[in-house]
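K.L.:
Would you mind keeping the following structure in view while I ask a few things?
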Amino acid sequence: GSDKENFHPNMICPKTFLLVNVPTENKNIKYRYVAVADTSVDEDGEIKVTFLRCQRNSPKIFTIEQNDVSYVPCEHVVKILPTPELQKKVRHSFYCFDENMDIFEK
């Protein structure tokens with residue numbers, strides 16, 4: 005699609021933050037999540053990622069969902085994100101981006 009930024013799969017390595025399209029059964033609905041790569045792109049063109057969830061209804065602040073791990077094809081990556089600032093709190097670590105992320109969570 006035209007909503008994608010051009011990047012090379014080699015630019016994705018572990019700890020790279022990504023904006024990922026997550027297709028659904030309903031073709032009219034596409035979810036978009038922030039994720040962090042756990043691996044580089046493998047020979048099948050897939051990346052193991054851990055998804056993040058937006059916090060406090062702010063599309064700038066996210067926490068990592070340790071159990072929400074998936075393999076996503078490289079073509080589902082919308083763009084590579086700037087690395088957010090990590091703010092450690094007692095129970096959670098928050099990842100704070102400088103700008104709102106273009107997410108659509110379910």
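Going by this note's numbering, the sequence shown opens with residue 5, and the numbers climb by one from there.
Backbone N, C-alpha and C define an ideal beta-carbon position, used for all residues, glycine too.
The model shown is predicted, which means the values in this text are computed figures rather than measured ones.
#1: In its own chain, which residues sit with a C-beta less than 8 Å from the C-beta of residue 43, not counting the 5 before and 5 after it?
#2: For my contact list, residue 89 and residue 35 are in at a C-beta cut-off of 8 Å; report their separation, rounded to the angstrom.
#3: Distance, Cα to Cα, residue 100 vs residue 24?
#4: Can you give me the Cβ contacts of residue 59 inside the same chain, cut-off strictly under 7 Å, excluding the 5 residues immediately before and after it?
#5: Of all Cβ atoms in chain D, is any one closer than 9 Å to the Cβ of residue 44?
P.N.:
Working from what's here:
#1: The beta carbon of residue 43 sits closer than 8 Å to the beta carbons of 18, 51 and 52 from its chain, once the five residues preceding and following it are set aside; these are given in chain order.
#2: Distance from residue 89 to residue 35 at the Cβ level is roughly 25 Å; contact not present, criterion being Cβ atoms closer than 8 Å.
#3: For the pair residue 100 and residue 24, the Cα-to-Cα distance works out to about 17 Å.
#4: Around residue 59: 65, 66, 67 and 98.
#5: No chain D is part of this structure, which consists of one protein chain only.
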